[in-house]
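If you're matching positions, the sequence shown starts at 1402 in our numbering and goes up one per residue. The C-beta atom is built at its ideal place from N, Cα and C for all residues, glycine as well.
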Amino acid sequence: MQIITSRHNPIVARFRAAARERRGERRQLLLDGSRLIDAAQRAGVRPETAVFGRGALRRREGALADLAGRLAADDVTVLAASAPVLSAVSPVRTPSGVVALARHRQLETRRAFAGGGVVLAAAGVQDPGNVGAIIRAADAGGAGGVLVTEGSADPFGWKALRGAMGSTFRLPVIDAGPAPEAVAAAQAHGAGVLAAVPRGGAPLHDIDMTRPWLVLIGGEGGGLSEAASELAEMRISVPMRPGVESLNAAVAAALIVYEARRQRTAAATSQASSLW
């Protein structure tokens, strides 16, 4: 196994370049941490190069050593690095022990709507951690996918990938362009469009969430822009106690997808009961 001890190694430059790639120009994914790399590999996203901390490999620490072996068996270039080099290739202050590069592949929007359920759209969510958390909530609640519109953080940047904890590789996540294009794509696939607003919308539990919907979710602070809200056929709100200003975007996303899941489960149970 090759050991890298110099920060001037071309491999270091490749990892740093990947960390600087901008949305719309992205060619590679920077994966930090064994769990994220493992999730990518299990989803069929094979890393091209993985750099492990030499100390951890030398001690053959369980999870990292096992991951190194599986990556090598999958023809991934596996390298060991000194602590200074690992710090240079890792995007975080305290390296987790392994960083990898994988090729970015853009998915077609239709994949998010293939199941006919609820799809979330992050519209103007500028914090990458929130974008990642929305993707994670969508995955946990069984949403069809997540569209990330123009003006939001890059869903494939390393911060959003870490925030999603591997969910980016388990459901369709689409770099969707401007919000009107995302809405047009949803409508072309037979989905209605809802705008999630802090207050003043129809109560979430009064909406038939068993239908296919694209739900627009705005960013922290200002929420959805008025222009984005006007693209929807209806505005919905999660009921809150008086005095509460708003919910975090990812929390709202989770409540929406779980309400849709609850309604679908109830409908399926009712249908099954009627057959007896």
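Distance between beta carbons of residue j and residue i, contact taken as under 8 Å
| i | j | result |
| --- | --- | --- |
| Ala1482 | Leu1432 | Rounded, the Cβ-Cβ distance is 15 Å, inconsistent with contact. |
| Pro1579 | Thr1550 | 6 Å |
| Ile1438 | Val1499 | 6 Å |
| Ile1575 | Gly1546 | 6 Å |
| Ala1513 | Pro1529 | Wrong, their Cβ atoms sit about 20 Å apart, outside the cutoff. |
| Trp1614 | Val1519 | 5 Å |
| Ala1457 | Phe1570 | Not a contact, Cβ separation roughly 24 Å. |
| Gly1564 | Gly1525 | The Cβ separation is near 17 Å, so there is no contact. |
| Ala1589 | Leu1548 | Contact flag wrong, Cβ pair sits at about 13 Å. |
CB of residue i within 8 Å of CB of residue j, strictly
| i | j | result |
| --- | --- | --- |
| Ala1654 | Ile1618 | yes |
| Leu1487 | Val1479 | no |
| Pro1599 | Ser1638 | yes |
| Gly1624 | Gln1527 | no |
| Ala1651 | Ala1538 | yes |
| Ala1522 | Ala1583 | yes |
| Arg1447 | Phe1557 | no |
| Val1658 | Leu1632 | no |
| Pro1640 | Pro1604 | yes |
In DSSP terms, what residue i is bridged to
| i | result |
| --- | --- |
| Arg1455 | Looking at the DSSP assignment, Arg1455 forms no beta bridge with any residue, so it has no partner. |
| Met1635 | Leu1595 |
| Leu1480 | Val1452 |
| Pro1640 | Answer is none; Pro1640 lacks a bridge partner. |
| Thr1550 | Gly1578 |
| Arg1504 | Gln1429 |
| Ile1404 | Ala1481 |
| Leu1625 | Its beta-bridge partners do not exist; DSSP assigns none. |
Alpha-carbon spacing of residue i relative to residue j, whole angstroms
| i | j | result |
| --- | --- | --- |
| Glu1646 | Gly1622 | 10 Å |
| Ile1536 | Gly1567 | 9 Å |
| Ala1414 | Leu1656 | 42 Å |
| Arg1421 | Arg1506 | 17 Å |
| Ala1419 | Glu1509 | 23 Å |
| Thr1495 | Gly1434 | 11 Å |
| Val1616 | Ala1541 | 16 Å |
| Leu1430 | Ala1515 | 25 Å |
| Ala1440 | Arg1423 | 23 Å |
| Asn1649 | Asn1531 | 8 Å |
| Ser1671 | Glu1634 | 28 Å |
| Ala1464 | Ser1497 | 12 Å |
Residues near residue i by beta carbon distance below 8 Å, same chain, minus five either side
| i | result |
| --- | --- |
| Ile1412 | Ile1405, Thr1450, Val1452, Leu1480 and Val1490 |
| Arg1436 | Met1566 and Gly1567 |
| Glu1627 | none |
Same chain only: Cβ atoms within 7 Å of residue i, ignoring 5 sequence neighbours per side
| i | result |
| --- | --- |
| Ser1630 | Ala1596, Val1598 and Arg1636 |
| Pro1485 | Arg1408 |
| Glu1660 | Leu1605, His1606 and Met1610 |
Contact set for residue i: own chain, Cβ-Cβ below 6 Å, skip 5 residues either direction
| i | result |
| --- | --- |
| Gly1543 | Arg1662 |
| Gln1664 | Met1610 and Thr1611 |
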